[in-house]
Amino acid sequence: MTGDGSARSDAALRLHPLTSLGFNLLAVVAGASLPSAPLVLAVFLGLLVPMAALARRLGAFLRTCARVLWPFVVSLVLIQGFFTPGPSVLFRLGPFNYTLQGLEVALLFSARLLVGLGAATLLMFITRPDALMRALVERGLPNQIAYIVVTTLQIVPTFQARAHAILDAQRSRGLETEGPLPVRLRAFVPLVGPLILSSLMEIEERAIALEARAFNRPGRRTSLVTLADSRLQALARWLMLLAALALIVVRFILWRAP
Amino acid sequence: MESAVIAVSGLRFRYAGAEQDALQGLDLSIGEGELVGVAGANESGKSTLCYALTGYVPHFFSGTLVGSVSIAGHDVTRTPVSLLAADIGLVFHNPFNQISGARTTVLEEVAFGLENLGVEQALLRPRSMQALRATGLDDLADRSPYTLSGGEQQRLAIAAVMAMQPKVLVLDEPTSQLDPAGTRAIFEVLRRLARDGRTTIVLTEHKLGWLAAFVDRLIVLHTGRLVADGPPRDVLAEAVEHTWGVGATRYTRAALAARRQGQLAAGTRLPVTLEQALEVLR
Amino acid sequence: MKLELRDVRFQYPTGVLALDGVSLSIGSGEAVALIGENGAGKTTLAKLLNGLLRPTSGTVLVGEDDTRRHTPAQLSRRVGFVFQNPDDQLFARTVRDEVAFGPRNQRLSSGEVQARVDRALDDVGLRPAIDRHPYDLTAPERKRVALAAALAMHTPALILDEPTIGQDAGGVDRLGALVDGLHAEGRTLIAITHDVDFCLEHFERVVVMAGGRILADGPATEVLKDLERLQQAQVEPPELVQLALGLGWETMPHTPDEFAVLLANHRT
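Chains as they are written, first to last, in our numbering: chain A, 4 to 261; chain B, 307 to 588; chain C, 39 to 306.
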């Protein structure tokens, strides 16, 4: 979504939604199967980053990845480093040894998280949820399931918008949100409550709204947009599927790494 | 004689687990192209009536329903709601929650219902834009529905259902979030739909002044009963004699105050609009 | 405690200029209504007054304090805000806990908190619902819970964003009586509202906004009969004003009873 609220996805990439879905799934499979941190990182840098750049969302993409990932990386590096036994000790802190093996494990998990998160983020950036829904329905997925997939993907922006309104309301009642970390953490409870409760309340009304738009009507549906596809993309999807299967086979049979 | 598009007989409904009937023995008959207003205090049954006219009661909200409800030729107490949407439209109460969540622009949001109805592709965009123009949202066609203000979301919900061109349109407080200019636009659209489009329209409202000026027929609900049904002036004048909680326009209240202070003859017909008030008080 | 905007400009991050050079001064104990079509900048102005938004340029003062130097939580002790959508704030399991949230943030004794909760719920007519779950109430009732929650904070100033929306005639009357009562207590009241009839009856001063600027600012009876300015702001005059003007009067009544008195005067 661009800054002015318009929702035009970038025209630089006229990818069929299933192609972008396939691409990101391949990245996730590769990230999960490859056995070392540098290889997994290569998936991020070699697949996800160029795609984000092609879609002209590189800056936002990297920022989102960094922002969500850093707390996990920090905790992984600390915990795995101190609590994974291994022969090469890098330094000591009191009774605790920080091992190289621990650091390696931490970096591998971090890289995998990066790829997983990156793929999900990238999918949201380059595919419009409704286009994905149409593509899934075209392929035979029931309307209702496609809807659930699509709205789940949109949860984060929906929550963000509501969270902002909720934050304003609670701050106006004396909830302090600026200042040291404990203060900001304590601010969480009165924020989470309304977010979850009102989202649950919304479900029933949302269901009525969908009925009012004939969502469950049996019969033929038409579509405002025709999804761009090509033989090249169809071929690419098959190749990606093969590559993913190959990776899974190789990982389980040949590499046997954690 | 016009055959009734909306024919309700002996309608009683109690929500599951409730101690009282939400609607108590309603009889209602509305013909094609009528624009009917429904007034009443909160919890008088207005929303329940809207749901009953569109099949959500009893299919969506469980409870016991007695009586017959025939809308646009459908027995809505038996026909599933998903089969009714082509002929019967509902814009319900909460304006913040009628976005489908399945589309990313305002235009697509409006087209969503048409797509579900299987309207031919060539007509999707023109019909959607027409509905957006009618509700003053055409400038916002490319915006994300989530970035709209409450009033804009409310108008979007109206546009989305209007675009489906139902024979019967039921709206529950459709202008609650709108400023006077927005309210006027909606009332004018509805009047046009009723007169030219022959759409049968039922809307609930608290804004009595607008109802008095735009609808030909006003119904009042009080604790689930239909207590008045007729031309707005007659009904609102009668409302003053009862405690239905409907309120009154300032024109009526001014006339009542004048009567109390001996400035207006006791038998004078009470005004509900500006023209009527000027006539009576000059 | 005065509330003041001095030549305030406000631009949202999206680039929309919501306020374009607004100056406004509200004295202690005044009851002011902000009217204007959607998008005129009313809510933005209100949010500047309690520090939720900071001005892009210009100054906003609450009492002697520049809002730039205080958090909204700090300012909330002096300026209460009732939002349009109550579901944005309701999170407690009971109405009691919901209304107590604000006072508890003010670190009052539990006895004092309880007293305030009771009084606030009485003021909005929801005392019987005190132990119910807020989401078991209807939407208009939830709106009244949100109002009670703000009342319980006993702030010297109170901002109400569209308080009459969704209320039936009885609810609007109750709200009117509450507004009159708060005004009599000396609280500063600011209401954003489309209901010009409600405005005329309960607010002594009306500020008309359009396109991010103040178009008119003065006594309700004067501002609400200035048809040209109202037309510019896409606002319709109150019913009583239309009636009085239709009868050729110069002075506008605030209420139906005042109307009847003026009618008698005109006839003699």
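For glycine and all other residues, C-beta sits at the position ideal for the given N, C-alpha and C.
Under the 10 Å beta carbon count, B:PRO364 is surrounded by 16 or more other beta carbons and is classified as buried. Nearest to B:VAL521 by alpha-carbon distance, out of B:THR529, B:GLU511, B:SER374, is B:GLU511.
Annotated three-state conformation of B:MET470 is coil, per DSSP. Taking the beta carbon of A:PRO183 as reference, no residue of chain C falls within 8 Å; the closest one sits roughly 13 Å away. Interface annotation, B:PHE367: not in contact with chain A, CB-CB separation never under 7 Å. Comparing C-alpha distances from B:GLY379 to each of B:VAL397, B:LEU359, B:GLY343, B:ALA519 shows the shortest one belongs to B:LEU359. Residues of the stretch 470-496 of chain B that bring their beta carbon within less than 9 Å of a beta carbon in chain C comprise GLU479, SER482, GLN483, LEU484, ASP485, PRO486, ALA487, GLY488, THR489, ARG490, in sequence order.
In this structure, DSSP gives C:MET247 an extended state, which the three-state scheme calls strand. Taken atom to atom, the span from the alpha-carbon of C:VAL244 to that of C:LEU285 is near 23 Å. In the DSSP assignment, B:ASP448 falls outside any alpha helix (DSSP H), carrying neither H nor E. Contact between C:LEU175 and C:ILE168 does not hold, since their C-beta atoms are separated by about 11 Å, which reaches or exceeds 8 Å. Beta-carbon to beta-carbon, B:SER309 and B:GLY530 are separated by about 27 Å, too far to satisfy the 8 Å threshold. Beyond the five residues adjoining it in sequence on each side, A:VAL80 comes within less than 8 Å, by CB distance, of LEU106, ALA109, LEU110, SER113 in the same chain, given in chain order. Cβ neighbours of C:GLY101 within its own chain (closer than 6 Å, five residues either side excluded): MET39.
Look at B:PRO538 here: in three-state DSSP terms it is helix.
Comparing alpha-carbon positions, the option among B:GLY361, B:VAL495, B:VAL416, B:GLN569 lying closest to B:LEU341 turns out to be B:VAL495.
The continuous alpha helix (DSSP H) containing C:THR82 extends over residues 80-87. Taken in chain order, the members of the stretch 259-276 of chain C whose beta-carbon sits within less than 8 Å of a beta-carbon on chain B are GLN272, VAL273, GLU274, PRO276. Cβ proximity to chain B below 9 Å picks out nothing from the stretch 93-112 of chain A. Assigned with DSSP and collapsed to three states, B:GLY503 falls in coil, not helix or strand.
Straight-line spacing of the CA atoms in C:LEU90 and A:THR180 works out to 12 Å.
In this structure the stretch 43-52 of chain A touches the stretch 117-131 of chain A; the number of beta carbon pairs closer than 8 Å is three or more. For the pair C:LEU57 and C:THR81, the CB atoms are not nearer than the 7 Å cut-off.
Distance between A:VAL76 and A:GLY84, taken at the CA atoms: about 11 Å. Under DSSP, B:ARG318 takes part in a beta bridge, and its partners are B:GLN330, B:VAL372.
Assigned with DSSP and collapsed to three states, C:GLN49 falls in strand.
Contact fails between the stretch 380-393 of chain B and the stretch 187-206 of chain A, because fewer than three Cβ pairs, one in each stretch, are under 8 Å apart.
With respect to chain C, the C-beta atom of A:ARG209 has no partner C-beta closer than 7 Å.
For C:GLY163, the closest alpha carbon among the candidates C:ALA215, C:GLY224, C:ARG145 is that of C:ALA215.
If you keep only unbroken alpha helix (DSSP H) runs of at least 4 residues inside the stretch 167-194 of chain A, you get 184-189.
For the set B:LEU475, B:SER368, B:TRP550, B:VAL375, the Cα lying nearest the Cα of B:ASN348 is the one of B:TRP550. Contact check between the stretch 92-101 of chain C and the stretch 150-158 of chain A: fewer than three CB pairs, one atom from each, fall below 8 Å, which does not count as touching.
In this structure, C:ILE228 sits near C:ILE197, with a CB-CB distance shorter than 7 Å.
With a beta-carbon spacing of about 7 Å, B:LEU396 and B:VAL467 fall inside the 8 Å limit used to define contacts.
Relative to the Cα of B:GLN582, the nearest Cα in the group B:LEU542, B:VAL552, B:GLY568, B:GLY553 belongs to B:LEU542. Proximity of B:VAL382 to chain A, defined by a Cβ-Cβ separation below 7 Å, is not satisfied.
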